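Novice: Residue numbers (the working numbering): 41 to 473.
One structure, pasted below without further comment.
Here's what the structure looks like:
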């Protein structure tokens, strides 16, 4: 062997031994050769090209069906958005008496959904609740899609949305809305970076865990600020409450659990056998129990709030009696909360994918009605009373408002669909197993 050949062989051997040398303190199953950035990028591209998510479960037909639904909602919603941009706030059935309508309730719903999904992801990534690892990526994707839907709803609710460009030039730091917007954009950015770290072949690592805790803090600050925005309004007794952020937190977590339960089952065709083993175990044992417990806690919170409002004789709280007598409230409680409670209380029933999906869907409907009643209920009692003012202000959403709601649903579904066809959402990262 020539000296040059021998030197090359020795260099190759040293490089190979260095590539597989374990790192001190690193678990044996996590020790992989450090094959450089180029190879990691290649592995990431291979992962992106593998069949996954909806395409692996439903096939092309199922993916096309969901895409058609999303595109249909987007087309309807874009027509409504164009109507708003050309006509302004006049297309909404709101005014000086009823300032906030359906789109504010819709925004609050999607924002709370994003916060709840973020909390679930952080329990696994940031706090080591490993049983939730199989749904981390799906929670992060849904958190991003629902937050974007919330921002679109709030942006179009303004009627002249491009006026928001002046917000950075007018730092109203004493306004909760200013801080809410700042926290939202910070939260969205942290969510996106956390998702990027999570889907990388190298795993989230310590940086991903720190990012997860950071976006959890941003989500918590956003939720508290949203609660304070209503809770500090003394002239609106229906909203005014120091514990309103806690009520929002209960609803947010339940909303996140219901959404992830529904989307996991739908994405696998309601077939437990189509799920990876870790996800199958989670959906068969732990997740329905979490949904049941969070539902019970939320029911206690709603009961406490409604009974307190009915018992009080303070001016402005008569709206509780008006709300309880409405058909929407009956549907919210009897259909949206009581029926899922019964279904999930039976152990043999709550393990079935169809029962889980149906219960989650009913809970989502109930929480949407609750957001609508909360936003509208705080305004139905006139601030200035007189002979010309009714006891309660009537409000019915316009067609354009419903079209914008369709737009937000379409956007959220489209983002989720693209992510499902791109990433393996059903599989935990190798370092999460």
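Ideal placement from N, C-alpha and C gives every residue a C-beta, glycine not left out.
Computed from a predicted structure; not experimentally measured.
Report the rounded CA-to-CA distance for residue 192 versus residue 378, giving the unit in angstroms.
Specialist: Counting from one through the chain shown, the residue named residue 192 turns up at place 152. Counting from one through the chain shown, the residue named residue 378 turns up at place 338. Distance between the alpha carbons of residue 192 and residue 378 is about 32 Å.
Novice: Would residue 340 pass as a contact of residue 349 if the rule is Cβ separation under 8 Å?
Specialist: What you label residue 340 is simply residue 300 of the chain shown in a count that begins at 1. What you label residue 349 is simply residue 309 of the chain shown in a count that begins at 1. Not closer than 8 Å, so no.
Novice: Does the separation of the CB atoms of residue 149 and residue 194 fall below 8 Å?
Specialist: Taking the first residue of the chain shown as 1, we reach residue 149 at position 109. Taking the first residue of the chain shown as 1, we reach residue 194 at position 154. No. Outside cutoff.
Novice: Which of helix, strand or coil does DSSP assign to residue 136?
Specialist: Indexing the chain shown from 1 puts residue 136 at position 96. Residue state, collapsed to three classes: coil.
Novice: Going by beta carbon distance, what residues of the same chain come within less than 6 Å of residue 362, once the five residues before and after it are set aside?
Specialist: Counting from one through the chain shown, the residue named residue 362 turns up at place 322. 432, listed in sequence order.
Novice: I'd like the list of long-range same chain contacts for residue 420, defined as Cβ closer than 6 Å, with 5 residues on each side in sequence excluded.
Specialist: What you label residue 420 is simply residue 380 of the chain shown in a count that begins at 1. Here the set comprises 359, 432, 433.
Novice: What are the start and end residues of each continuous beta strand (DSSP E) run of 3 or more residues lying completely inside the region 187-234, in chain order?
Specialist: Whole beta strand (DSSP E) segments, 3+ residues: zero.
Novice: Which of the three DSSP states is assigned to residue 392 in this structure?
Specialist: Along the chain shown, one-based indexing puts residue 392 at 352. Reduced to three states, the DSSP call for residue 392 is coil.
Novice: Could you tell me the alpha carbon to alpha carbon distance between residue 353 and residue 238, rounded to whole angstroms?
Specialist: Taking the first residue of the chain shown as position 1, residue 353 is located at position 313. Taking the first residue of the chain shown as position 1, residue 238 is located at position 198. Using only the alpha carbons, I get a separation of about 52 Å.
Novice: Near residue 326, what residues of its chain come up, given a Cβ to Cβ distance below 6 Å and the 5 sequence neighbours on each side ignored?
Specialist: As a position in the chain shown, residue 326 is number 286, starting the count at 1. For residue 326, where only same-chain residues beyond five positions count, the Cβ hits under 6 Å are 171.
Novice: How should residue 178 be labelled, buried or exposed, when 16 other C-beta atoms within 10 angstroms of its C-beta is the threshold for buried?
Specialist: Stepping through the chain shown from its first residue, residue 178 is reached at position 138. Answer is buried; the Cβ neighbour count reaches 16.
Novice: Check whether the region 132-147 touches the region 195-203, taking contact to mean three or more Cβ pairs, one atom from each stretch, closer than 8 Å.
Specialist: Yes, the region 132-147 touches the region 195-203.
Novice: Which word fits residue 395, buried or exposed, when buried means at least 16 other C-beta atoms lie within 10 angstroms of its C-beta?
Specialist: For the purposes of this step, residue 395 is identified with residue 355 of the chain shown, where counting begins at 1. Answer is buried; the Cβ neighbour count reaches 16.
Novice: So, do the region 292-308 and the region 152-162 have three or more beta carbon pairs nearer to each other than 8 Å?
Specialist: A contact exists between the region 292-308 and the region 152-162.
Novice: Does DSSP put residue 430 in a helix, a strand or coil?
Specialist: Counting from 1 along the chain shown, the entry for residue 430 is found at position 390. If DSSP states are grouped into helix, strand and coil, residue 430 belongs with coil.
Novice: To the nearest angstrom, how far is it from the Cα of residue 400 to the Cα of residue 355?
Specialist: Residue numbering aside, residue 400 sits at position 360 when the chain shown is read from its first letter. Residue numbering aside, residue 355 sits at position 315 when the chain shown is read from its first letter. Roughly 36 Å separates the two Cα atoms.
Novice: I'd like to know whether the C-beta atoms of residue 268 and residue 201 end up nearer to each other than 8 Å.
Specialist: Numbered from 1 along the chain shown, position 228 holds the residue referred to as residue 268. Numbered from 1 along the chain shown, position 161 holds the residue referred to as residue 201. No, the Cβ-Cβ distance between residue 268 and residue 201 is not below 8 Å.
Novice: With a 10 Å radius around its C-beta and 16 neighbouring C-beta atoms as the bar for buried, classify residue 110 as buried or exposed.
Specialist: Residue mapping note: residue 110 aligns to position 70 of the chain shown, counting from 1. Label assigned to residue 110: buried.
Novice: Quick one: what does DSSP say residue 356 is sitting in, helix, strand or coil?
Specialist: Mapped onto the chain shown, residue 356 falls at position 316. Three-state DSSP puts residue 356 in coil, outside helix and strand.
Novice: Across the region 217-231 and the region 132-142, are there enough close Cβ pairs to call them in contact, namely three or more that are closer than 8 Å?
Specialist: The region 217-231 vs the region 132-142: no contact.
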